[in-house]
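K.L.:
Here's a structure for you.
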Ligand SMILES: *Cc1c(COP(=O)(O)O)cnc(C)c1O
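Numbering (our numbering), first residue to last: 6 to 361.
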């Protein structure tokens, strides 16, 4: 799919954020967006970068009713030498196609996906913030654009990419979080859409997240949807447990989102000589390990935070306290290594970064 991307620059650029220490997460958006349309029988067409602007939508547009929509999330990082790097964007391209297949959405050539991201970030490169720990968050998404209320795969789609300068996730230092193990609601079940990044997964998860937050927990830890026995993932992160020197995480077999951060961390841990076990891990066994003093570290993994240390796990009436409330040494080393590669402070021996 060799396609030209036409570029129409804004004649009315927005003021860029003056104080990069107050960016927060994706609250304001850069000057341009990428758009491309799909028409059944024609394919993807009219790839273009245009000034960021609202969509006009018919109230009967399919996505508004039946949630036929998928998305991705990645970042662009500014290095000390003023280069701009992306982290494994090919992984996002391939994962978007896996999501697309499940949601009956047409695929996008992975090389073209990366080209579209690069071109957009290049056009808006002044929007990649400079302050330590900040980045440009990139949100590609595809939605069904047919008009009509029949339930079918749409014949029209829009692929859009928007970008948002975002603040350092840990502006006040890495803060270990409390996690609520959700024993009532579920996020995924075999045959459903757990392995995809689709808006519907999030819509179904908001309620549990709100209830946990009311009780002072940062996120929920989801258990498997059948037995509610095995740990799967956390909100918008995968999760890993270091027990007695070994690292455990759920296998990505349909109900768990295959995170790019997860995959990168598994590679690093194996390089460092750790045994990494991807499989079923019962929450009861984790709590037992905590009681025996063998639950050494617990951390979430995802693009936003890289790693998010967990200091407390609440399951039913039981609470496990981890690492004395501090970030564990492996969690810290993973954070330093991955962020070092992403911001170009460490050599990228794995070829994970792509220069814009
Ligand atoms: C995006 C996401 C993750 C993390 O994936 P990364 O590629 O590491 O950012 C984990 N779980 C869910 C549900 C997600 O949507």
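Cβ atoms here follow ideal geometry from the backbone N, Cα and C, with glycine treated the same way.
With DSSP as the reference, identify every bridge partner of residue 243, one or two as the case may be.
P.N.:
238, 306
K.L.:
Hey, how far is the Cα of residue 48 from the Cα of residue 150?
P.N.:
14 Å
K.L.:
In the DSSP assignment, find the alpha helix (DSSP H) that holds residue 336 and state where it starts and stops.
P.N.:
334-347
K.L.:
Going by DSSP in three states, residue 42 sits in which element: helix, strand or coil?
P.N.:
strand
K.L.:
Does DSSP classify residue 142 as helix, strand or coil?
P.N.:
strand
K.L.:
Would you tell me roughly how many angstroms separate the C-alpha atoms of residue 321 and residue 293, rounded to the nearest one?
P.N.:
14 Å
K.L.:
Under 7 Å Cβ to Cβ from residue 12, same chain only, skipping five residues before and after it: list those, please.
P.N.:
54, 128
K.L.:
Would you mind working out which of 274, 79, 66 sits nearest residue 155, comparing C-alpha positions?
P.N.:
66
K.L.:
Looking at the strands, I want to know which residues DSSP matches up with residue 287.
P.N.:
Answer is 235, bridged to residue 287.
K.L.:
Is residue 78 near ligand 3, in the sense that its beta carbon is under 7 Å from a heavy atom of that ligand?
P.N.:
This structure lacks ligand 3; its bound ligands are ligand 1.
K.L.:
If you run the structure through DSSP and keep just helix, strand and coil, what is residue 317?
P.N.:
strand
K.L.:
Assuming residue 226 and residue 186 are in contact, meaning their beta carbons sit under 8 Å apart, how far apart are those beta carbons, in whole angstroms?
P.N.:
5 Å
K.L.:
Between the C-alpha atoms of residue 331 and residue 180, what's the straight-line distance to the nearest angstrom?
P.N.:
8 Å
K.L.:
Compute the distance between the beta-carbons of residue 168 and residue 34, then report whether it is under 8 Å.
P.N.:
Yes, these two residues count as a Cβ contact at 8 Å.
K.L.:
For residue 302 and residue 335, which I take to be in contact (beta-carbon distance under 8 Å), what is that distance rounded to the nearest angstrom?
P.N.:
6 Å
K.L.:
What would DSSP say about residue 36, mapped onto helix, strand or coil?
P.N.:
coil
K.L.:
So if DSSP puts residue 56 in a beta bridge, which residue, or which two residues, is it bridged to?
P.N.:
37
K.L.:
For ligand 1, is there a heavy atom less than 7 Å away from the beta-carbon of residue 306?
P.N.:
yes
K.L.:
Does residue 4 come out as helix, strand or coil in the three-state DSSP assignment?
P.N.:
The displayed coordinates of the chain run from 6 to 361. Any statement about residue 4 would go beyond what the structure contains.
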